[in-house]
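Undergrad: Have a look at this one.
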Amino acid sequence: MRCSSPHPPAGASPARRPFSPFPLFPALLIGLLLVLPAATPAQRPLGIDVSVWQGNNVNWNSVATSGVMFAWCKATEGATGKDSTFATNMFKARNAGVLIGAYHYARPDNNVGIAGAVREASNYWHSVSNYLKADGAYLMPVIDIEAPGVTNLPYTRFLLSEWVNAWCTNLMARAAAHGLTINPVVYSYVSYSSTWLDTSLTNYPLWMAHYNGQNPQTGAPGGTTPWPTWNAWQYSSTGVVPGVTGDCDQNVFNGTSNQLLNTLVVGAPVPPLWLTQPSSRTGETGGALALTAHVAGGLPRHFQWRFHGTNLPGATNLTLTLSNLTAAHAGPYTLVVTNPFAALTSAVATVTVTPPFTPVFSDNFDTDTSANWTLNRSSTDNRAVFAWDYAALGIPAAPHSGGTTKGLRFEANLSASAANALNVSPTGLGFPTNSRLRFDAWLNVNGPFPDGGAGSTEALTAGVATAGNRVQWNGTGSTADGVWFSVTGDGGVGDTSATQGDFAAWNGSSLVAAASGVYAAGTASNARGNGHPYYHNIFPFAQKPPGLQQTNFTQQTGGLAAGAAGFRWRDVIVHRQDSRVDWFVDGLRIATVTNASLTASNIFVGYWDPFASLSDNTNLSFGLVDNLRVEVPAVPPVLTLQPASQWVPLGSGALFTAAATGLPAPAFQWRRNGTNLPGATNATLTLSGLAAADAALYSVVVSNVAGTATSTNALLSLLAVNPPLLTLAGPPAGSVVTLAASGDAGATYALETSTNFTSWTTLTNFVAPSPAWNLTVPVNPADPWRYYRLRSGP
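Per the numbering used here, the sequence shown starts with residue -18, numbered consecutively.
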C-alpha cells in the first residue's frame, strides 16, 4: 500500500496509512502483483499493487512482459468511495494477460459496527461484481484493514475482527447468491494485525505487510499473528516495476505459481467455509424445529448431519428438520460439510426439548377484541389496530393462524418526532408463576436496506409479571414493571450502545447490561447488537420485504443486515418460572433473567420507538402480533374412574363410564377388544340393542398433549332371554360325553356338573356361538351317575 508520508524504515511495518487530499481515496494502496520469472518456475511469484496513486496510465503490457503474473488494484474505500482508475486497470491488466483482482480499503472508523461493514461490502460488491468471475482471470477480493481511527472508537480486538468477518461473510453471501464461491483475502501489517485481529479471521488467506529488508525468495514477514502463516507478503513499498510510474509496492506469494493459481484465483479450489454455523435450539414436545447453516466454498458440497457423533441416516441436506419432537431428539448435533478440497465439521448445536404447554388464554385478533384489552401509552402519538388485515402489505399468514391474515398492529411516533411507546394487557387477568407468553411477531421496516430509511429503528416489546396498567419503556417518568424484552426490526441500534439494544432485556425500566451474563450471546459489549455472530444463523443476511412492498414502495429495496429480525414471522416465547424469565425467538435462547423480584402476574405486548427521529414512511414502520397465547405446562391424564364389567340381557343396553384429570382436559377414545370404536369419544360409552358381537372387553384411552393413559378392561357379558336346553347327544364314549345345547346366541352360559343334585361345580363359562351347539365334556366311568346343567349368566 502506498504511503504519502515517508516510508517506514527497514524492519518496520507500514505506518498508519495517511489519506490523500481527496477524502474518498486515501493514498494507501492495496494490491498484489505476483511476478513469476520464466526461467525459474519454482521461485516464489513476485508482484505489485496499484491504485490511483500510480495514475491512469499503467502500461500493463510492460508489466506483463517484465514477468508479472497478477495484480490487485484498488476498487473502493469505505461506504461510498470508488477509485477512478479501477475500471481501466482491470480492463488493461486482463487484456495484457495479467491476473487481476480488486481490493477494498476498509473504514471501520467511519462506518462503525456491523451495519457499517455491510454498507462497505455493498459498495465493494456493486463496484466489483462484474469482475468476480470463475474464468481463471480474476483474483479473490481483498479487504485492507489498517484504519487507525479505531483506537478512538469502542472497538476491541473481538469487535474489529467481527467487523472484518461481517464484511467477508456478507461478500461471500452475495457471491454465493450468484453461484460464485470466493474466499476473501485479509491485508494488514504486523503490529496492527497482532493488536486488533483475532483467530476468527484465520480461515481467510493472509496478506501481510512488513518491510524488513529480507530476501523475498527466502525471507518472511516478522510476524503473522493471529494467522499461523502467510499467503502473501508485501516486503517493500519502493519498488521499480516497468510500466508503473514511481515507487510501487512489491509483494511475494508464499508458494509456487501453481499454488497461487489454486489459492488466490476466483474459481480456485476453495474448502468449505462457514458463513454461519448451526445454532442451539429449544423446541417443545410434539413440535418441530429446523437446524441449518450458511456455507460457502467450492462445489459440489455435500452435507451429513450427526447426532451424538453418529451419522443420521438420510440427513444429507443443508437443513435438518426434526418433527414431532420427543425427549429422544434432545442432544448434540453437528454438521459435516465436504467438497472436493476439504471437510469441515461445525460446532455442536444442542437441541433441548421441553415438556408440552397448553393455553389458558388466547386471542387470534381475527375480530376486534379491543374491549378485552387495556391500552397503556406514553402519548396519543401512537395507535393499536385490532383485527388489521396485514395481507394488504403482502405479509403472509402467520404460522399459527390457520390461514387468516388479521392481527394486532402497533405504531409509535407517528408525527411528533419524539420517543413513544404503547402496549396492551388482558384486562383484569393474572397468570400462574410458571407460565409463558407466546405469539407470532412481525417487524416491518421502512427501507432502503440494509441501513433502513429515516427513523427505521423501532422495537417490538413483550413481557411478563406486569400489573397491566403501565407503559413499558424507559422514557421520562417510566413506571415499567416486570421483566420484558425488546427487539428491533432493522438492527439499527449501535452494537455497543449503552442505552438500547437490538436484542434487549429489561427489568422494570432498567436495561440489563451486556456484561451481565443474561444474554445468550455472551458478555461482550455487543452481546445486545445484531452484529454479534450469535444471531446470524437464525436471523440471516438479506431478508427482504414482501414482494408487494417492493413493487408498491420504491424505497423497499435491498435486504436487512445479518442479525436483523424483520420481514419474517417470528415465534416469540417469554417464559416465567417463579423468579426466572427466559426469552426465545424461533427457538433461539436470547436472554435469561434470574432472581427477579416479580410481584404482578399479567402479560403485555407492545411497540416502542426509543428515538426521536420520525419514520419517513409510517405506513411501513410497524409491529404485528398474531395468535397470542398464555400457556402453562400440560399435565398428563390420570384416570380417576375405571370402567366396570357388566352383565346385561341380550337386546338391552349398557353404559360404561370413566373419568380422568389432566391439563388440557383429556380426550377419550373407547375401544372394543383393543380396537377403536368410531365416534366413541366421550367420557361415557352407551351401547344399545346388544347382540352377540357386543360381548367383549371394553377399555378407554385418555390423552392430551402431555401423554396418554389406558383403563383396565371391562367385560361386557350378555344374559340369555330364553331358558337354555341341555340334552345328551349320545352315550358316553370312554372318558367323554357329548351334550346338545340350545339357547340364545351371544349369551353367556355356565356349564355345571354334580353327582348328587346338591353340590354343583362349574366346568366352564362360554358365550353361545349359535342357537344350537354341542359340548364335549369329561366323564368318569367310575361314577355311578353324573348330572350336567346349563345356566345363563356368569
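Note that beta-carbon positions come from the ideal geometry of N, C-alpha and C, so glycine has one too.
(1) My assumption, with CB atoms under 8 Å, is that residue 658 sits in contact with residue 637. Please give the rounded CB distance.
(2) Hey, residue 226 and residue 36 are a contact pair by Cβ (cut 8 Å); roughly how many whole angstroms apart?
(3) Among the candidates 449, 417, 743, whose CA atom is the shortest distance from the CA of residue 343?
(4) Can you tell me the Cα-Cα spacing of residue 780 and residue 775, whole angstroms?
(5) Is it right to say residue 4 is buried, meaning 16 or more other beta carbons lie within 10 angstroms of its own, or is it exposed?
(6) Could you say if the stretch 382 to 400 and the stretch 590 to 598 meet the contact criterion of at least three C-beta pairs nearer than 8 Å?
(7) If you run the structure through DSSP and keep just helix, strand and coil, what is residue 34?
(8) Under 8 Å Cβ to Cβ from residue 90, same chain only, skipping five residues before and after it: list those, please.
(9) Taking the continuous beta strand (DSSP E) assigned at residue 265, which residues delimit it?
(10) Comparing C-alpha positions only, which one of 293, 45, 306 sits nearest to residue 315?
(11) Under 7 Å between the Cβ atoms of residue 188 and residue 202?
(12) Between residue 486 and residue 468, is the Cβ-Cβ spacing less than 7 Å?
(13) Thinking C-alpha only, which one of 199, 198, 148, 209 is nearest residue 174?
(14) Just to check my reading of the structure: residue 696 and residue 678 have Cβ atoms closer than 8 Å, yes? What is that Cβ distance to the nearest angstrom?
(15) DSSP on residue 127, reduced to helix/strand/coil?
(16) Which of the three DSSP states, helix, strand or coil, is assigned to residue 25?
(17) Does any residue of chain B bring its CB to less than 7 Å from the CB of residue 197?
(18) Does DSSP classify residue 742 as helix, strand or coil?
(19) Take residue 260 and list the residues in its own chain whose beta-carbon comes closer than 8 Å to its own, dropping the five residues that flank it on each side.
(20) Which residues does DSSP list as the beta-bridge partners of residue 62?
(21) The beta strand (DSSP E) with residue 138 in it runs from where to where?
(22) Report the CB separation of residue 245 from residue 186 in whole angstroms; it is logged as a contact under 8 Å.
(23) So the candidates are 764, 746, 728; which of them puts its Cα closest to the Cα of residue 753?
(24) How many angstroms separate the CA atom of residue 709 from the CA atom of residue 742?
(25) Check for me: the beta strand (DSSP E) holding residue 485 runs from which residue to which?
(26) Does the contact criterion of 3 or more C-beta pairs under 8 Å hold for the stretch 298 to 313 versus the stretch 333 to 343?
(27) Taking the straight line between their C-alpha atoms, what separation do you get for residue 191 and residue 216?
(28) Applying the criterion that 16 or more other CB atoms from any shown protein chain within 10 Å of the CB defines a buried residue, is residue 788 buried or exposed?
(29) Cutting at 6 Å between CB atoms, please list the residues of its own chain near residue 673, excluding the five before and the five after it.
(30) Using the beta-carbon count (16 or more within 10 Å), is residue 415 buried or exposed?
(31) List, from N- to C-terminal side, the beta strand (DSSP E) runs of 3 residues or more that fit wholly inside the stretch 626 to 685.
(32) I need the boundaries of the beta strand (DSSP E) containing residue 168, first residue and last residue.
(33) Kindly identify the DSSP beta-bridge partner or partners of residue 82.
(34) Using only the alpha-carbon positions, how far apart do residue 691 and residue 623 sit?
(35) Which residues in the same chain have their Cβ closer than 6 Å to the Cβ of residue 98, if we skip the five residues on either side of it in sequence?
(36) Short of 6 Å in beta carbon distance, which residues of its chain neighbour residue 18, apart from the five on each side in sequence? Order them along the chain.
TA: Straight from the coordinates:
(1) Here the question's residue 658 lines up with position 677 in the sequence shown. Here the question's residue 637 lines up with position 656 in the sequence shown. Not confirmed; about 11 Å, so no contact.
(2) The residue you call residue 226 lines up with position 245 of the sequence shown. The residue you call residue 36 lines up with position 55 of the sequence shown. Contact flag correct, Cβ pair sits at about 6 Å.
(3) Along the sequence shown, one-based indexing puts residue 343 at 362. Per the Cα distances, 417.
(4) Within the shown structure, residues of the chain are numbered from -18 to 775, placing residue 780 beyond reach of any answer.
(5) For the purposes of this step, residue 4 is identified with residue 23 of the sequence shown, where counting begins at 1. Note that residue 4 scores a pLDDT of 30, beneath 50, so its modelled location is shaky; the value from the coordinates is reported in the next line. Answer is exposed; the Cβ neighbour count stays below 16.
(6) Taking one beta carbon from each stretch, the stretch 382 to 400 and the stretch 590 to 598 have 3 or more pairs nearer than 8 Å; the two touch.
(7) For the purposes of this step, residue 34 is identified with residue 53 of the sequence shown, where counting begins at 1. In this structure, residue 34 counts as helix in the three-state DSSP scheme.
(8) By 1-based counting over the sequence shown, the position of residue 90 is 109. So the qualifying residues of the chain are 128, 129, 130, 131, 133, 134.
(9) Counted from its first residue, the sequence shown places residue 265 at position 284. That run of the beta strand (DSSP E) goes 262 to 265.
(10) For the purposes of this step, residue 315 is taken as the residue at position 334 of the sequence shown. Residue 315 has its Cα closest to that of 293, out of 293, 45, 306.
(11) What you label residue 188 is simply residue 207 of the sequence shown in a count that begins at 1. What you label residue 202 is simply residue 221 of the sequence shown in a count that begins at 1. Contact: no.
(12) By 1-based counting over the sequence shown, the position of residue 486 is 505. By 1-based counting over the sequence shown, the position of residue 468 is 487. No.
(13) Taking the first residue of the sequence shown as 1, we reach residue 174 at position 193. Here the closest residue by C-alpha is 209.
(14) The residue you call residue 696 lines up with position 715 of the sequence shown. The residue you call residue 678 lines up with position 697 of the sequence shown. At roughly 6 Å, the Cβ-Cβ gap stays under 8 Å, so residue 696 and residue 678 are in contact.
(15) Residue 127 sits at position 146 when you count from the first residue of the sequence shown. Here residue 127 sits in coil by DSSP.
(16) Taking the sequence shown and counting its residues from 1, one reaches residue 25 at position 44. Coil at residue 25, not helix or strand.
(17) Although the question refers to chain B, the structure presented lacks it and comprises just one protein chain.
(18) Counting from 1 along the sequence shown, the entry for residue 742 is found at position 761. Reduced to three states, the DSSP call for residue 742 is strand.
(19) The residue given as residue 260 occupies position 279 in the sequence shown. Hits under 8 Å: 272, 330, 515, 518, 519, 569.
(20) Taking the sequence shown and counting its residues from 1, the one referred to as residue 62 is at position 81. 58, per the DSSP bridge assignment.
(21) Here residue 138 refers to the residue found at position 157 of the sequence shown. Per DSSP, residue 138 belongs to no beta strand (DSSP E); it is in the alpha helix (DSSP H), 138 to 158.
(22) Here residue 245 refers to the residue found at position 264 when the sequence shown is read from its first residue. Here residue 186 refers to the residue found at position 205 when the sequence shown is read from its first residue. So it is a contact: roughly 7 Å between Cβ atoms.
(23) Taking the first residue of the sequence shown as position 1, residue 753 is located at position 772. For residue 753, the nearest C-alpha among the options comes from 728.
(24) Position 728 of the sequence shown holds residue 709. Position 761 of the sequence shown holds residue 742. Looking at the two C-alpha atoms, the distance is approximately 19 Å.
(25) What you label residue 485 is simply residue 504 of the sequence shown in a count that begins at 1. Element bounds for residue 485: 484 to 488.
(26) Enough Cβ pairs lie closer than 8 Å, so yes.
(27) Translated into the one-based positions of the sequence shown, residue 191 becomes position 210. Translated into the one-based positions of the sequence shown, residue 216 becomes position 235. Rounded to whole angstroms, residue 191 to residue 216 spans 6 Å at the Cα level.
(28) Nothing can be reported for residue 788: it is not among the residues displayed for the chain, which extend from -18 to 775.
(29) Indexing the sequence shown from 1 puts residue 673 at position 692. So the list reads 726, 727, once near-sequence residues are dropped.
(30) Position 434 of the sequence shown, counted from the start, is the residue given in the question as residue 415. Per the 10 Å Cβ criterion, exposed.
(31) 627 to 630, 635 to 638, 640 to 644, 648 to 653, 665 to 668, 678 to 685
(32) Locating residue 168 in the sequence shown gives position 187, counting from the first residue. According to the DSSP assignment, residue 168 belongs to the beta strand (DSSP E) that extends over 166 to 170.
(33) In the sequence shown, the residue the question calls residue 82 occupies position 101. Residue 82 pairs with 53.
(34) For this step, residue 691 is matched to residue 710 along the sequence shown. For this step, residue 623 is matched to residue 642 along the sequence shown. Distance between the alpha carbons of residue 691 and residue 623 is about 9 Å.
(35) Your numbering for residue 98 matches position 117 in the sequence shown. Cβ neighbours of residue 98 beyond the five flanking positions: 144, 147, 148.
(36) Counted from its first residue, the sequence shown places residue 18 at position 37. Note that residue 18 scores 39 on pLDDT, short of 50, meaning its location in the model is unreliable and no value can be drawn from it.
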